[in-house]
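Down below is the structure, laid out as structure tokens.
Residue numbers (our numbering): 1 to 292.
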């Protein structure tokens, strides 16, 4: 399978910012551009429709929409609308989601059934290869575990082993100032860790640490929460540092069997454009030159 590179954006921006970021990433050799669907920010399709007019090569799609937030019928028609702007370059990512009850959104039960039903409705609108997205992780040790899960599903579905790719994406902060980038990443990822860290079977995560992080981030004490994130947790759950750090982390994921690496929000220290420039001008070319 090919080894791909993508970027992902949080949907907390103005229309003008979405357009400007789309124009910037269109200058780089990226395989895909995705957006999130985290409450209480914009649902995915508004930003995607704004960006689609300015992205001419990369695939476009939502990274992880909870069917509990957007009804499957709307998923289907919005996907079709996006496909009209970016023919043969769109995809749809689905997930259980997080922070739904905190924003008054009732989660459909059981969640996996809601995802299956959503897939059934939109499947005829999608084209291209299949892929499983592992969100919120930069851990190479997790990739073989996910591959073993996929192998079981591929066998039951009578599919060729390895037919489904594995995309791995997480918070990303890239800057020439390595220490500053890693500090910003710690603060940015702290809110996600209580949701995702305990799902990684390769790590021994302290539940009390996760409880403390959840408590601090719910009080908007990002600085205090970031100080609790160790170097090891940072490496496993974020892409952080300078361009060389991102290249090293991506290459480790490819070596473990990932088929796509996705550098997620917020990208830069204060403005995404600075981090995106390093990713597009230094990280992506380095990964391509390695035969990717």
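C-beta: ideal position from N, C-alpha, C; glycine also. Remember, it's a predicted structure, so these values are computed and weren't measured experimentally.
Paired residues, beta bridge with residue 237 - DSSP
Its beta-bridge partners do not exist; DSSP assigns none.
Residue 240: which of 269, 221, 148, 255 sits nearest, CA to CA?
269
Proximity below 8 Å, CB of residue 13 to CB of residue 63:
no
For residue 105, which residues of its own chain have a beta-carbon under 7 Å away from its beta-carbon, when the five flanking residues on both sides are left out?
39, 68, 69
Is DSSP giving residue 103 helix, strand or coil here?
helix
If contact is defined by three or more beta carbon pairs under 8 Å, each pair taking one atom from either stretch, is the region 132-148 in contact with the region 107-115?
no
Taking a contact to mean a Cβ-Cβ separation below 8 Å, would you say residue 223 touches residue 182 in this structure?
no
What does the alpha-carbon distance come out to for the pair residue 102 and residue 218?
11 Å
Which word fits residue 283, buried or exposed, when buried means at least 16 other C-beta atoms lie within 10 angstroms of its C-beta?
buried
Could you name the residues that DSSP lists as bridge partners for residue 262?
6, 169
Go ahead and pull the three-state DSSP assignment for residue 27.
coil
Exposed or buried, which one is residue 193 when buried takes at least 16 other CB atoms within 10 Å?
buried
Would you call the CB atoms of residue 171 and residue 238 closer than 8 Å?
yes
Expressed to the nearest angstrom, what Euclidean distance is found between the alpha-carbon atoms of residue 60 and residue 86?
8 Å
Would you be able to state if there are at least three C-beta pairs under 8 Å between the region 152-160 and the region 197-211?
no
Going by DSSP in three states, residue 270 sits in which element: helix, strand or coil?
coil
Can you tell me which of the three DSSP states residue 60 falls into?
strand
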